[in-house]
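Residue numbers (the numbering used here): 75 to 393.
Virtual Cβ for every residue (Gly too), placed ideally from N, Cα, C.
A quick write-up on the structure given underneath.
Structure (structure tokens):
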């Protein structure tokens, strides 16, 4: 199987990455594209299928199967996406549809669960039997390795740490609840917090609005982070609030799961490297002594292609 590949797919709320993954967990060819959330399920599915076809042409070797990580809850037996709020999907049969379209075996899993698997086998989790991966991007997701096994739960929904409630009656989340970690610390939450403050204070002088060409609807997490690095007071306040929420979430993770490693990744955190040090310091102060005795908080090692590598590696392991 040395000359064979799996196809790994990281389906995110803003972008899709599809890659050829070899048996050593290395990504060779890859394709990136925006996620057409507003265009709907069929458009996204067809974009993925076209990219798969393009990679099959480049592979020149056998494709053993396809692994796809989706930001949501997945049915344990048939791979149906039960609920993926950032994609606006409910009960979408992506696994069965891709099997029919590609004539290949397909595995569908949670996206950060896939990334955690990749980090465990090929990244910051090598040699560790108990770890939690927390990824902060468009949303907030996690994957848990407990005693050398991927924690799946009774209904294949374990690890929804982004939807643990951090602030009772806090901001509404895409899941419909209030005060979730995702509603306080994700990319969309950062953008929303900045937009709300600008709307509350007309005429507010902020670099965020300058970067958004004066249009509130153009404000994104990326622009808020850029303004933060330029010392904009509003951006600093928004990011500080996000960091505090992440600390609360991480303390809960440590006290609940007693991991040897807590691996932090995702697009938001990769653009805020100082946040890692802040979380390390605060978690050391606030978590219980026994659960944090062996803890190391580390950045994700697979900074490129993490989700695709994880999904492809899971395909290698299970298909």
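Check	Outcome
Continuous beta strand (DSSP E) stretch holding residue 111: start and end	Note, residue 111: premise wrong, no beta strand (DSSP E); not H, not E.
Cβ distance (whole Å) where residue 323 is taken to contact residue 212 below 8 Å	With a Cβ gap of about 17 Å, residue 323 and residue 212 do not count as contacting.
Option nearest residue 291 by Cα separation, candidates 308, 275, 301 and 270	270
When 182, 303 and 160 are compared against residue 262, the one with the closest alpha-carbon	160
Bounding residues of the alpha helix (DSSP H) (the contiguous stretch that carries residue 132)	115-133
Proximity of residue 343 and residue 210 at Cβ, strictly below 9 Å	yes
Pick from 81, 347 and 193 that is closest to residue 216, judged by C-alpha positions	193
Euclidean distance between Cα positions of residue 98 and residue 128	22 Å
Contact the segment 183-203 vs the segment 370-390: 3+ CB pairs below 8 Å	yes
Identity of the residues DSSP links to residue 361 by a beta bridge	Paired residues: none, contrary to the question.
Sequence ranges, beta strand (DSSP E) only - wholly within the segment 294-347, length at least 3	335-339
Minimum length 4: unbroken alpha helix (DSSP H) runs contained in the segment 204-259	255-259
Backbone secondary structure at residue 261 - three-state DSSP	helix
is_contact[residue 272, chain D] using C-beta, thresh 9 Å	Looking at the structure shown, chain D is missing, and only one protein chain is on hand.
Cut-off 7 Å between Cβ atoms - residues of its own chain near residue 392, not counting five sequence neighbours on either side	181
Outcome for residue 364 when other beta-carbon atoms lying within 10 angstroms are tallied against a minimum of 16	exposed
Segment limits, beta strand (DSSP E) that includes residue 173	No beta strand (DSSP E) contains residue 173, which is instead part of the alpha helix (DSSP H) from 168-176.
For residue 317 and residue 359, the rounded distance between their alpha carbons	15 Å
Beta-carbon proximity check, residue 185 vs residue 214, cutoff 9 Å	no
Residues that residue 91 bridges to, as DSSP identifies them	84 and 106
Segment limits, beta strand (DSSP E) that includes residue 372	370-373
Residue range of the unbroken alpha helix (DSSP H) whose run includes residue 387	380-392
Nonlocal neighbours in the same chain, by C-beta distance under 6 Å from residue 281, ignoring five residues either side	301, 304 and 306
Through-space distance from residue 168 to residue 157, alpha-carbon basis	12 Å
Segment limits, beta strand (DSSP E) that includes residue 139	137-144
Proximity winner among 366, 370 and 384, relative to residue 376 (alpha-carbon distances)	384
Which of helix, strand or coil DSSP assigns to residue 154	coil
Short Cβ contact (9 Å threshold) for residue 205 with residue 236	no
Three-state secondary structure assigned by DSSP to residue 270	helix
Nearest-angstrom beta carbon gap, residue 320 and residue 259 [assumed within contact, 8 Å]	5 Å
Nonlocal neighbours in the same chain, by C-beta distance under 8 Å from residue 122, ignoring five residues either side	83, 85, 90, 92, 142 and 172
Run of the alpha helix (DSSP H) containing residue 181, from where it starts to where it stops	Not the alpha helix (DSSP H): residue 181 falls in the beta strand (DSSP E), residues 180-184.
Three-state class that DSSP yields for residue 193 in the structure shown	helix
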